[in-house]
Amino acid sequence: MALSGFEISYEIIPPDPCEGVNCNSGSCERGLCNCPANLSGEFCESDFDECASGEPCSQHGVCVNSFGGFDCICLPGYSGVFCEEEINECASDPCRNGGTCLNEEGIFQCICREFFSGERCENTVERVECSASLCSSNGTCQQTNEPPFFRCICEPGASGEGQWQ
Numbered sequence: 001m002a003l004s005g006f007e008i009s010y011e012i013i014p015p016d017p018c019e020g021v022n023c024n025s026g027s028c029e030r031g032l033c034n035c036p037a038n039l040s041g042e043f044c045e046s047d048f049d050e051c052a053s054g055e056p057c058s059q060h061g062v063c064v065n066s067f068g069g070f071d072c073i074c075l076p077g078y079s080g081v082f083c084e085e086e087i088n089e090c091a092s093d094p095c096r097n098g099g100t101c102l103n104e105e106g107i108f109q110c111i112c113r114e115f116f117s118g119e120r121c122e123n124t125v126e127r128v129e130c131s132a133s134l135c136s137s138n139g140t141c142q143q144t145n146e147p148p149f150f151r152c153i154c155e156p157g158a159s160g161e162g163q164w165q
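Heads up: the sequence shown at position 4 corresponds to 4 in full-length UniProt numbering, and the numbers run straight through without jumps.
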């Protein structure tokens, strides 16, 4: 059986030259890999060592190269992509009993109020017992339950908080 009035045409489509080409993080055009700035090689297989070309991390971080990039490992007390942000160790209010926190590089220090001690001012000094010589100007000593565990009561006509000696 013969067909008449029909024309058959063929178009040959060349194969995609990028089909099956792995350019890692690069892109393929006409069978060739275009690599990003941090990679090189025919298939973008060679890593550029960002850590060797000057220190991308701040002085508070250590650079660790990775394929296609790098990471900064921060020293204690620092954070951020480049370890450029100092952590405020006092933000968590670590000092107890009214102690004052001093933020220092990578650490904090508590300045304790009188009658408190310890790294975080968590310890109370020993209880001070009243004695006749504890208050000045003939004040009378009265025992309390809060540090310093006593208070001085002045004689009539005298004023002040008394002093302990």
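In this text, a Cβ means the ideal position worked out from N, Cα and C, and glycines have one as well. Keep in mind it's a predicted model, so treat the numbers as computed, not measured.
For D47, the closest of F70, I13 and C28 by C-alpha to C-alpha distance is F70. By the Cβ criterion, the region 51–60 is not in contact with the region 22–36, since fewer than three pairs of Cβ atoms, one from each stretch, lie closer than 8 Å.
Contact between the region 146–156 and the region 115–126 is established, with three or more Cβ pairs separated by less than 8 Å. One alpha carbon belongs to V64, the other to S9, and they sit about 60 Å apart. Leaving aside the five residues that flank L75 on each side, the residues in its chain whose CB is nearer than 8 Å to its CB run, in chain order, H60, G61, V62, C83 and G106. Here F67 has D47 as same chain residues with Cβ atoms under 7 Å from its own Cβ, once five neighbours each way along the sequence are excluded. A residue is called buried when at least 16 other Cβ atoms come within 10 angstroms of its Cβ; G157 does not meet this threshold and is exposed. Rounded to whole angstroms, P94 and E85 show a C-alpha spacing of 20 Å. Under the three-state reduction of DSSP, E84 is assigned to coil, being neither helix nor strand.
Looking at the backbone, the Cα of L39 and that of E45 are separated by about 7 Å. If the five residues before and after L102 are omitted, its C-beta is found closer than 8 Å to the C-beta atoms of C90, F108, Q109, C110 and I111, all from its own chain and listed in chain order. Beta-bridge partners of T144 (DSSP): none assigned.
Cβ contact annotation for A37 (same chain, cutoff 8 Å, sequence separation greater than five): F48, in chain order.
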